[in-house]
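A.B. asks:
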Amino acid sequence: MSMSFGLASTLSTSQKLTPQMQQAIKLLQLSSLELAQEVQAKLDSNPLLERIEEDDDEYENNRDDRADELSESLTLDSWNQSSSDASSAGSDNHTDYGDDSTDSWEKLQQSRIDDGAMDSDSSFDTDSFDASSFDKENYASTSTGAGNNRGDEDFDSYQGGTSSTIKDHVRWQLNFKRLSETDTLIAEYLMDSMDDMGFIRIDIDELLQSFDTMANFYQWDERVEYDEVMAVLRMIQSCDPIGVGARHLSECLAIQLSKLDANTAYLKEAKALLTAGELLVSNNIKALTERTGLAPENITPALNLLRTLNPSPGLLFQINQPDYTQQPDSYDIPDVLVTPIRSRKATANTEALEDGWHVRLNPDTLPKLRVNQEYANLVKRGDDSPDNQYLRENLTDARLFIRSIEERNQNLLKVATSIVRYQQEFLQHGATAMQPLILKAIAEEVNLHESTVSRLTTSKTILTPQGLFSLKHFFSSHVSSSDGDISSTAISAMIKKLIADEDPKKPLSDSRIQKELLADGIDIARRTVAKYREAMNIGSSTQRKQKY
């Protein structure tokens with residue numbers, strides 16, 4: 001056998017995430033304090049960027065125009081029309097990624113074997129820059145509103161805290177993996193769609209469309225491919241806890257089964273059962289036999305094996321989250337302001353008040369920046385000298401930075417306005433009127449990707465007549481009731497009110513609270529009542545009972 005040596009060239013392409021793109025993504029999720037720090041760092045490093053002083057003539061002349069751009073007024077009539085259009089356009093495609101996975105798992109855990117049943121309806125799977133002028137009187141009136149009538153975060157709602165979460169834990173592990181710049185971008189988008197239970201709630205095709213849009217905007221040479229996304233997804237799914245990063249419950253359990261010893265009893269049968277989908281939770285032996293081809297005597301042991309798995313990899317992190325029901329610190333500065341509008345509508349014999357809401361960004365938190373024209377005028381075309389190149393690079397950087405902040409603030413206003421549209425009942429009546437809401441609904445209305453909405457609502461607060469809240473506070477799963485869907489946040493508030501009004505000598509048991517809720521058309525299990533109660537750090541009836 002002969003051997004030869006030589007040189008060979010290989011043609012390959014790779015996609016680079018530009019510094020400008022990294023900067024734009026980073027700015028989306030910064031809090032007002034972090035944004036101020038980022039702006040100051042940029043001012044210190046870029047001489048062509050300067051802050052606009054409020055006594056500047058240009059600032060005063062353009063203030064009113066900018067105010068109109070960064071505020072929105074909502075009336076009930078406009079909302080009714082827009083919500084009607086949105087619901088008719090998006091009802092077929094709407095997907096609620098609430099706690100279906102957990103509900104299905106509880107059904108699987110508690111269901112009893114029915115050897116004769118043939119079918120089931122149960123479901124197993126889930127699947128220049130400045131802002132508006134600021135009226136100090138409006139600020140004072142809204143901040144002193146019904147601040148005590150606040151809702152409470154429940155055990156499965158979105159939360160915006162900064163302590164360790166399942167996302168933080170997985171991101172920390174990804175730091176030790178070899179990720180290219182493109183892989184890092186993909187991982188960030190996938191992680192942004194991860195819910196509190198550790199499931200990734202995103203449609204891969206939609207994500208690819210978002211990357212195509214970014215590729216066109218930033219003029220990338222290469223496109224993100226499906227295989228690249230799936231490779232990063234598998235990398236996330238290799239992290240701890242086992243099962244994290246799954247897109248639905250079946251995949252979560254399948255990942256955990258794949259980690260078991262190959263000689264585990266009934267492992268093959270358990271994997272086969274995962275393909276049964278909606279039949280699995282019914283424990284319908286006959287139907288499962290027909291669907292999977294397994295012997296009836298092997299189904300029960302395989303089901304028992306599935307019950308040993310963890311259906312919610314992120315639950316431990318959820319339980320360890322801090323109490324979000326506490327009043328925000330007095331020094332918290334809101335990013336968004338919401339004030340009521342009262343416009344008189346005259347009729348023949350009466351005057352009616354039409355309710356509406358004025359949504360605007362807090363100008364005290366918005367950077368006021370511009371390009372230093374004196375330095376910009378020194379830039380010469382066709383001059384490749386080091387000094388001119390330095391000025392040109394900083395001029396481009398300053399313009400892109402201002403543009404990125406403008407886009408951030410405009411999108412933040414769009415998202416906040418959409419949230420207010422959905423939650424007008426809450427603004428008027430308090431926590432018990434909170435509506436169910438998921439990121440997907442807001443993303444579809446404002447035409448942004450879910451991960452972008454997630455970033456924009458991270459570490460942002462909104463001042464309302466009901467108090468100061470994180471934007472994440474308005475997202476929660478739903479429970480069906482006789483009057484339609486009701487948010488889990490509203491259920492928490494109702495349970496809290498029932499307990500507050502109880503006789504301290506005879507506190508309400510979880511079963512009694514369940515019956516009280518059922519009388520209001522809300523049908524939830526006693527164990528679910530206990531979860532809500534424990535999430536609010538409220539003791540059991542025995543612990544609450546006062547002895548005299």
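Heads up, the sequence shown is in my numbering, so the first residue is 1 and it goes up one at a time.
Ideal Cβ positions, reconstructed from N, Cα and C, are used throughout, including at glycine.
1. If I measure Cβ to Cβ from L288 and keep anything under 6 Å in the same chain, skipping five residues before and after, which residues do I get?
2. Who are the Cβ neighbours of A443 in its own chain at under 7 Å, not counting the five residues just before and after it?
3. Have a look at V415 and L427 and give me their C-alpha separation to the nearest angstrom.
4. Short of 7 Å in beta carbon distance, which residues of its chain neighbour E51, apart from the five on each side in sequence? Order them along the chain.
5. Using 8 Å as the threshold, is the C-beta distance between L508 and L498 below it?
6. What residues are listed by DSSP as bridge partners for G467?
7. Nearest-angstrom Cα distance between S404 and L35?
8. For M194, which three-state DSSP category applies?
9. Considering just the uninterrupted stretch of the beta strand (DSSP E) at E50, what are its terminal residues?
10. In whole angstroms, what is the alpha-carbon distance linking L306 and F176?
11. Mind reading off the beta-carbon distance from V420 to L48? Whole number of angstroms is fine, and I expect it under 8 Å.
12. Whole angstroms is fine: what's the gap from T95's alpha carbon to Q256's?
13. Quick check: the segment 20–30 against the segment 453–466, are at least 3 beta-carbon pairs closer than 8 Å?
14. Do three or more CB pairs link the segment 422–438 to the segment 179–196 at distances below 8 Å?
15. Three-state secondary structure (DSSP) at D44?
16. Do you know how far the Cα of T464 is from the Cα of G314?
17. If you count every other CB in all the chains shown that lies within 10 Å of the CB of P386, and 16 or more means buried, which is it?
18. Quick check on I202: does DSSP put it in helix, strand or coil?
19. Which of helix, strand or coil does DSSP assign to L517?
20. Could you check if S540 is buried or exposed, using at least 16 other CB atoms within 10 Å of its CB as the buried criterion?
21. To the nearest angstrom, report how far apart N377 and D383 are at their CA atoms.
22. Across the segment 257–264 and the segment 203–211, are there enough close Cβ pairs to call them in contact, namely three or more that are closer than 8 Å?
23. Need the endpoints of the alpha helix (DSSP H) that V379 sits in, please.
24. Whole-angstrom Cβ separation of S476 and S487, contact assumed at under 8 Å?
25. Can you tell which of Y226, G245, N411 has the C-alpha that lies nearest to the C-alpha of R234?
26. Would you kindly check if the distance between the Cβ of V379 and the Cβ of K460 is under 8 Å?
27. Ends of the alpha helix (DSSP H) at V453?
28. Excluding the 5 residues flanking D212 on each side, which residues of the same chain have their C-beta closer than 7 Å to its C-beta?
29. Short of 6 Å in beta carbon distance, which residues of its chain neighbour I200, apart from the five on each side in sequence? Order them along the chain.
30. What number of angstroms, rounded off, separates the C-alpha of N304 from the C-alpha of Q514?
31. Which two residues bound the contiguous alpha helix (DSSP H) that contains R408?
32. Using only the alpha-carbon positions, how far apart do H358 and F474 sit?
33. Could you tell me which of K440, P334, R392, R399 sits nearest to L413, measuring between CA atoms?
34. Would you grab the beta carbon distance between D490 and D510 for me? Rounded to a whole angstrom, and I think it's under 8 Å.
35. Does L378 get closer than 8 Å to chain C when you measure Cβ to Cβ?
36. Going by other Cβ atoms of all chains shown within 10 Å of its Cβ, with 16 needed for buried, is Q37 buried or exposed?
C.D. replies: On the basis of the data shown:
1. Excluding residues up to 5 positions away in sequence, A276, L279, I299 lie with their Cβ nearer than 6 Å to the Cβ of L288 in the same chain.
2. The residues are H449, E450, V453.
3. Taking the straight line joining both Cα atoms gives about 16 Å.
4. Residue identity check: residue 51 is Arg in the sequence provided, not Glu. Excluding sequence neighbours, R51 sits near L43, K368, L369.
5. The Cβ-Cβ distance between L508 and L498 falls below 8 Å.
6. BP columns for G467 point to T464.
7. Spanning the two alpha carbons is a distance of roughly 12 Å.
8. Here M194 carries a strand assignment [DSSP, helix/strand/coil].
9. First-last of the beta strand (DSSP E) with E50: 49–51.
10. About 31 Å.
11. The beta-carbon separation of V420 and L48, rounded to 37 Å, does not stay under the 8 Å limit for a contact.
12. Low per-residue confidence applies at T95: pLDDT is 37, beneath 50, and the placement is therefore not dependable enough to give any value.
13. The segment 453–466 makes contact with the segment 20–30; the number of CB pairs closer than 8 Å reaches 3 or more.
14. No: fewer than three Cβ pairs fall under 8 Å.
15. Three-state result, D44: helix.
16. Rounded to whole angstroms, G314 to T464 spans 31 Å at the Cα level.
17. By the 10 Å Cβ count, P386 comes out exposed.
18. DSSP places I202 in the coil class of the three-state scheme, outside both helix and strand.
19. DSSP, reduced to helix, strand and coil, places L517 within a helical segment of the structure shown.
20. Around the Cβ of S540, a 10 Å sphere holds fewer than 16 other Cβ atoms; the residue is exposed.
21. The C-alpha of N377 lies about 13 Å from the C-alpha of D383.
22. No, the segment 257–264 does not touch the segment 203–211.
23. Note, V379: premise wrong, no alpha helix (DSSP H); not H, not E.
24. Right, their Cβ atoms sit about 5 Å apart.
25. The candidate whose alpha carbon is nearest that of R234 is G245.
26. Contact: no.
27. It spans 450–456 - the alpha helix (DSSP H) in which V453 sits, taken as one unbroken run.
28. If you ignore the 5 residues before and after D212, its C-beta comes within less than 7 Å of the C-beta of R223, all in its own chain and listed in chain order.
29. Apart from the 5 residues on each side of it in sequence, I200 sits with its Cβ closer than 6 Å to the Cβ of L190, S193, M194, G245, R247 in its chain, given in chain order.
30. Distance between the alpha carbons of N304 and Q514: 30 Å.
31. It spans 386–422 - the alpha helix (DSSP H) in which R408 sits, taken as one unbroken run.
32. The straight-line gap from Cα to Cα measures roughly 18 Å.
33. Nearest C-alpha to L413: P334.
34. The sequence shown places Ala at residue 490, rather than the Asp named in the question. About 18 Å separates the beta carbon of A490 from that of D510, a gap too long to meet the 8 Å contact definition.
35. The structure shown has no chain C; it contains just one protein chain.
36. Label assigned to Q37: exposed.
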